[in-house]
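Those protein sequences? They're chains A and B, same order as listed. Using the working numbering, you'd call the opening residue of the first sequence number 59 and step up by one each time. Using the working numbering, you'd call the opening residue of the second sequence number 59 and step up by one each time. Every residue, glycine too, gets a C-beta built ideally from N, C-alpha and C.
Protein chains: 2
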Amino acid sequence: MLAEIITIGDEILIGQIVDTNSAFISKELNKIGVQVYQLTSIQDDEAHILQALNDAEKRVDIVIVTGGLGPTKDDITKQTFCKYLEDTLVEDKAVLTHVKALYKKFTNHPLLPESLNQALVPSRATVLKNNFGSAPGMWMEKNETVFISLPGVPYEMKRLIESEVLPRIVDKFDCPFIYHRTLLTYGMGESEIVRIIHKWEDKLPKSIKLAYLPSLGRVRLRLSSKGKVKENVVRAVDKEMKVLHGLLNEIAIGYEEETAIVGRIAKLFIQKEKTLSLTESCTGGAITEQITSLAGISAFFRGSTVPYATDTKIDVLGVDEQLINEHTVVSKEVAEAMAVQSNKLFNTDYALSTTGIAGPTKGDAVDELGTVFIAIASPSGVFSEKFNFGEPRERVVAKATNKALELLLKEILKN
Amino acid sequence: MLAEIITIGDEILIGQIVDTNSAFISKELNKIGVQVYQLTSIQDDEAHILQALNDAEKRVDIVIVTGGLGPTKDDITKQTFCKYLEDTLVEDKAVLTHVKALYKKFTNHPLLPESLNQALVPSRATVLKNNFGSAPGMWMEKNETVFISLPGVPYEMKRLIESEVLPRIVDKFDCPFIYHRTLLTYGMGESEIVRIIHKWEDKLPKSIKLAYLPSLGRVRLRLSSKGKVKENVVRAVDKEMKVLHGLLNEIAIGYEEETAIVGRIAKLFIQKEKTLSLTESCTGGAITEQITSLAGISAFFRGSTVPYATDTKIDVLGVDEQLINEHTVVSKEVAEAMAVQSNKLFNTDYALSTTGIAGPTKGDAVDELGTVFIAIASPSGVFSEKFNFGEPRERVVAKATNKALELLLKEILKN
Chain A
59 MLAEIITIGD
69 EILIGQIVDT
79 NSAFISKELN
89 KIGVQVYQLT
99 SIQDDEAHIL
109 QALNDAEKRV
119 DIVIVTGGLG
129 PTKDDITKQT
139 FCKYLEDTLV
149 EDKAVLTHVK
159 ALYKKFTNHP
169 LLPESLNQAL
179 VPSRATVLKN
189 NFGSAPGMWM
199 EKNETVFISL
209 PGVPYEMKRL
219 IESEVLPRIV
229 DKFDCPFIYH
239 RTLLTYGMGE
249 SEIVRIIHKW
259 EDKLPKSIKL
269 AYLPSLGRVR
279 LRLSSKGKVK
289 ENVVRAVDKE
299 MKVLHGLLNE
309 IAIGYEEETA
319 IVGRIAKLFI
329 QKEKTLSLTE
339 SCTGGAITEQ
349 ITSLAGISAF
359 FRGSTVPYAT
369 DTKIDVLGVD
379 EQLINEHTVV
389 SKEVAEAMAV
399 QSNKLFNTDY
409 ALSTTGIAGP
419 TKGDAVDELG
429 TVFIAIASPS
439 GVFSEKFNFG
449 EPRERVVAKA
459 TNKALELLLK
469 EILKN
Chain B
59 MLAEIITIGD
69 EILIGQIVDT
79 NSAFISKELN
89 KIGVQVYQLT
99 SIQDDEAHIL
109 QALNDAEKRV
119 DIVIVTGGLG
129 PTKDDITKQT
139 FCKYLEDTLV
149 EDKAVLTHVK
159 ALYKKFTNHP
169 LLPESLNQAL
179 VPSRATVLKN
189 NFGSAPGMWM
199 EKNETVFISL
209 PGVPYEMKRL
219 IESEVLPRIV
229 DKFDCPFIYH
239 RTLLTYGMGE
249 SEIVRIIHKW
259 EDKLPKSIKL
269 AYLPSLGRVR
279 LRLSSKGKVK
289 ENVVRAVDKE
299 MKVLHGLLNE
309 IAIGYEEETA
319 IVGRIAKLFI
329 QKEKTLSLTE
339 SCTGGAITEQ
349 ITSLAGISAF
359 FRGSTVPYAT
369 DTKIDVLGVD
379 EQLINEHTVV
389 SKEVAEAMAV
399 QSNKLFNTDY
409 ALSTTGIAGP
419 TKGDAVDELG
429 TVFIAIASPS
439 GVFSEKFNFG
449 EPRERVVAKA
459 TNKALELLLK
469 EILKN
């Protein structure tokens, strides 16, 4: 069962927005056993859309198209589908009622002709109700291929995928089971990992695929397989993963779960009934943002400071001014003092701090560009580690954030 | 001059990562007058790569391929290019020296055969030196089409695009000038905007394209055009933009610049010699992260608190406990008190605060899910606005962040 995702919109092709819809849809399709064969992004242009639909029909069983469903002139997806499927647009009464209700709720103006266009759908399409916007989703078929058209607005698309699209695909197709499992490692490069695991890799069954995913100081190793019987697929992959984990025991930090590393940290803090605060200088709130992106964290997370200016480290956080004068603001001593003070200020068990030189210039700092100290203060004391994350600025922040979360996970696991 | 970007890697097609490379490359190509005609993401599979290269060669002048250049077995881009171009891999001495030096710097192990593979390139390829990693970029030609192969690691790819790829394209091709200008508006939906501008839109010259980009409570309106003579293109677009801005004067908040809204805020604060602090409850550091993503902000940004737990709003920030008991933590009064206290704590001129119910559940809150108060305290006093950003959680945080930055921009513009 193969699928292709086509995203329509000039804004993607000129780099004005990053296409996050395709990754979401791919992940969801994978979960129900549909393999995504290709992603394609094209312009709001009739000839190009027709060509892309035609190419996709030859390649795959399911074509999901997002975008181009707005009420304005630059949106032409619906009309183009009509041309492709030799169909005509008709007014859908249920959609019309929905559009009118939405319009009444959100504006004071009389309903406009452009908005009425939102109620037009190809006559043979099945309407997928969009509760979060005015553009309906549509399910259409031609020969053996299913075409699904969805709005490009991420939260509207997501709800439609979950509540309308996936159940219908499961219903119509007999999908195999697809299984991925990803081991997270850190501290060793791809080539070195190969050296350790190549003998095992050579003997992997053909049905299991290994991928190396290096990213910001971590290498993730993914095993993938698919088959008709879920239990067999899971057993085969888990068995090989156990061997792989054993070979890389020293650098493995766990598996990539749905919720990733912050989810594991949250779970452990709640389980152990410990509390956490953060004080982020060079990471500027990036770690806090990752933690607060999870729901339910108020059970353990009490808050953060971002003492960006040096004197706020003294005034707001209470770091000793003399310590800063003696060791500079980017130092082991200041990082550790920041963590200790954060525990005091927020009345927490654990505190994590970052201080470093994110760049692009090092200002009057003594250390090299990219130097970052990460400290953790906990019931068992305080420690810090020094890193150099190079440049540019966004890489330093991203690597420091990853590393900080890793250190925090290790620490809360230990105690 | 048309280009296609092909990203190779199973991790994209299973939704494990979001492809941000394509947006970056598209934006950079646009700047030098190359129009991106299509983006394609495919698997690490020889037949599929060959097919995609073949299709792209028919469509465009320049094909940029990212990914699949690692030293491990799952990476096959280089070999597949050789097959496509009927070439063979040969060792490049300069790359070999570079790989050896990198290896020596970052590991203690002897050089591995897998790492030596990184020095192999197609014999007719021009090597594009990658200073930030071991996989070289490659510039290849077949018939009239240029093929460029780059590593998938974003910061390696970015540097190669900037320092090696763009200058060579400008050198080889006679590119037209492409110009986009985007007006930011807020507070009105697409259909209502159409009502105001449709007469103007109908009379737009054919050479200028209008796009509506709705996103999280804002609609962006983009005018695009291209031509041989830069001055003419800019003049024609700017003239129409002036008319459009006039028509939408009440909802226009400015133009989308390279640096976006945070860049404008930073510039104004520095210009006016004012300082800023933030205190983010429901946005959990997201606003701080946007501001600290810019370099040079220590000139005006002093720091933030994220007083997530209610009692940290009292203990850390100094909000009056009785105020919270009287009005609840998600209220106009508490939002305004938070902003006022933040100015005191950080000794700043301006402070912005957020407090709200991001969800997924409303806990014991009185207000509806999605309710957010944003307050700003400044030399001219303190004010707040109440919003409902609906759900889910990530949408509430993203919309609140956008809105907070808008309010801050308006406020600093005013004073």
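Any C-beta of chain B sitting closer than 8 Å to the C-beta of residue i?
{"i": "residue 71/A", "result": "yes"}
{"i": "residue 99/A", "result": "yes"}
{"i": "residue 264/A", "result": "no"}
{"i": "residue 294/A", "result": "no"}
{"i": "residue 82/A", "result": "yes"}
{"i": "residue 238/A", "result": "yes"}
{"i": "residue 235/A", "result": "no"}
{"i": "residue 284/A", "result": "no"}
{"i": "residue 259/A", "result": "yes"}
{"i": "residue 137/A", "result": "no"}
{"i": "residue 316/A", "result": "Note that residue 316/A has pLDDT 45, beneath the 50 cutoff, so the model's placement of it is unreliable and the number below is only indicative. Judged by the 8 Å Cβ criterion, residue 316/A is not in contact with chain B."}
{"i": "residue 398/A", "result": "no"}
{"i": "residue 60/A", "result": "no"}
Can you name the start and end residues of the alpha helix (DSSP H) that residue i belongs to?
{"i": "residue 212/B", "result": "212-218"}
{"i": "residue 471/A", "result": "451-472"}
{"i": "residue 112/B", "result": "104-117"}
{"i": "residue 271/B", "result": "Where residue 271/B is concerned, there is no enclosing alpha helix (DSSP H), although the beta strand (DSSP E) it sits in stretches over 267-273."}
{"i": "residue 84/B", "result": "79-89"}
{"i": "residue 294/A", "result": "288-305"}
{"i": "residue 392/A", "result": "390-404"}
{"i": "residue 75/A", "result": "Here residue 75/A belongs to no alpha helix (DSSP H), and DSSP marks it neither H nor E."}
{"i": "residue 249/A", "result": "248-260"}
{"i": "residue 122/B", "result": "It is not in any alpha helix (DSSP H) - residue 122/B instead sits in the beta strand (DSSP E) that spans 120-124."}
Against chain A, does residue i count as a neighbour if the rule is that its beta carbon must be under 8 Å from one of theirs?
{"i": "residue 75/B", "result": "yes"}
{"i": "residue 488/B", "result": "Any property of residue 488/B remains undetermined from this structure, which presents chain B solely from 59 to 473."}
{"i": "residue 329/B", "result": "no"}
{"i": "residue 395/B", "result": "no"}
{"i": "residue 130/B", "result": "yes"}
{"i": "residue 249/B", "result": "yes"}
{"i": "residue 376/B", "result": "no"}
{"i": "residue 88/B", "result": "yes"}
{"i": "residue 344/B", "result": "yes"}
{"i": "residue 173/B", "result": "yes"}
{"i": "residue 270/B", "result": "yes"}
{"i": "residue 94/B", "result": "yes"}
{"i": "residue 205/B", "result": "no"}
{"i": "residue 119/B", "result": "no"}
Which residue wins for smallest C-alpha separation from residue i, given the options the options?
{"i": "residue 92/B", "options": "265/B, 227/B, 367/B", "result": "227/B"}
{"i": "residue 373/B", "options": "416/B, 403/B, 460/B", "result": "403/B"}
{"i": "residue 272/A", "options": "222/A, 179/A, 170/A, 251/A", "result": "251/A"}
{"i": "residue 345/B", "options": "428/B, 394/B, 458/B", "result": "458/B"}
{"i": "residue 360/A", "options": "287/A, 236/A, 327/A, 291/A", "result": "327/A"}
{"i": "residue 178/A", "options": "163/A, 155/A, 168/A", "result": "155/A"}
{"i": "residue 152/A", "options": "303/A, 189/A, 119/A", "result": "189/A"}
{"i": "residue 141/A", "options": "170/A, 119/A, 182/A", "result": "182/A"}
{"i": "residue 470/B", "options": "214/B, 437/B, 363/B, 289/B", "result": "437/B"}
{"i": "residue 124/B", "options": "118/B, 116/B, 133/B", "result": "133/B"}
{"i": "residue 278/A", "options": "427/A, 242/A, 116/A, 435/A", "result": "242/A"}
Looking at the secondary structure, which residues open and close the beta strand (DSSP E) in which residue i lies?
{"i": "residue 240/B", "result": "235-244"}
{"i": "residue 61/A", "result": "60-66"}
{"i": "residue 429/A", "result": "429-436"}
Could you check whether the Cβ of residue i sits closer than 8 Å to any Cβ belonging to chain E?
{"i": "residue 417/A", "result": "Reference to chain E is not applicable here, since the protein chains of this structure are A and B."}
**Request:** Residues of the segment 425-447 of chain A with a CB closer than 8 Å to any CB of chain B: list them in chain order, please.
**Result:** Of all residues in the segment 425-447 of chain A, none comes within less than 8 Å of chain B when Cβ atoms are compared.
**Prompt:** In chain order, which continuous runs of the beta strand (DSSP E) of length 3 or greater are located wholly inside the segment 352-377 of chain A?
**Reply:** Contiguous beta strand (DSSP E) elements confined to the segment 352-377 of chain A occur at 359-364, taking only those with 3 or more residues.
**Prompt:** What are the residues of the segment 351-362 of chain A that lie near chain B, defined by any Cβ-Cβ distance shorter than 8 Å?
**Reply:** Taking 8 Å as the Cβ-Cβ cut-off against chain B, the residues of the segment 351-362 of chain A that qualify are 351, 353, 355, 356, 359, 360, 361, 362.
**Request:** Ignoring anything shorter than 3 residues or poking outside the segment 169-226 of chain B, list the beta strand (DSSP E) runs there in chain order.
**Result:** Runs of the beta strand (DSSP E) spanning 3 or more residues and lying entirely within the segment 169-226 of chain B occur at 178-180, 184-186, 195-200, 203-208, in chain order.
**In chain order, each beta strand (DSSP E) run of at least 3 residues that lies wholly inside the segment 126-166 of chain B** = Those beta strand (DSSP E) runs which fall completely within the segment 126-166 of chain B and span 3+ residues are 147-149.
**Request:** Please list the residues of the segment 450-464 of chain A that have a C-beta atom closer than 8 Å to any C-beta atom in chain B, keeping them in chain order.
**Result:** Under the 8 Å Cβ criterion, the segment 450-464 of chain A contributes 450, 451, 452, 453, 455.
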